[in-house]
Amino acid sequence: MHASTSAKKQEARIAALQEEIEDLQKTLGEGEDAAKIVSRHITLLHQYNEAKDAAQILIGRLATNRQMTIRQVHEDYGLTDRD
69 MHASTSAKKQ
79 EARIAALQEE
89 IEDLQKTLGE
99 GEDAAKIVSR
109 HITLLHQYNE
119 AKDAAQILIG
129 RLATNRQMTI
139 RQVHEDYGLT
149 DRD
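This note's numbering applies: residue 69 is where the sequence shown begins, and numbers increase by one.
Laid out in structure tokens, this is it:
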């Protein structure tokens, strides 16, 4: 009796997971490859980080040129710690 209850629970769990997979596939888009999407996001993140690094270098040079701190330059331009 215990084995049949367990098998029923397993079947219900499998069905629930399959439904979740189908829902996620619809959200992702039919025929879309999750690995390609993740790879694209990683590429975009690298580009963002490179641009941010370049901006920080320029802000540092501007601070040096104006004999200010980087924080002062950030405040002058309305940049927060998250920018």
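Every residue, glycine too, gets a C-beta built ideally from N, C-alpha and C.
In this text the structure is predicted, and so the values were computed from the model without any measurement.
*asked:* Please state whether the Cβ-Cβ distance between ILE125 and VAL141 is less than 8 Å.
replied: Position 57 of the sequence shown, counted from the first residue, corresponds to residue 125. Position 73 of the sequence shown, counted from the first residue, corresponds to residue 141. Against a cut-off of 8 Å, the Cβ pair of VAL141 and ILE125 comes out as no contact.
*From what residue to what residue does the alpha helix (DSSP H) around GLY128 run?*
Position 60 of the sequence shown, counted from the start, is the residue given in the question as residue 128. Here the alpha helix (DSSP H) through GLY128 covers 102 to 134.
*asked:* So for THR73, helix, strand or coil by DSSP?
replied: As a working mapping, residue 73 is identified with position 5 in the sequence shown. Residue state, collapsed to three classes: helix.
_ARG139 - DSSP class collapsed to helix/strand/coil_ = Locating residue 139 in the sequence shown gives position 71, counting from the first residue. ARG139: helix per DSSP, three-state reduction.
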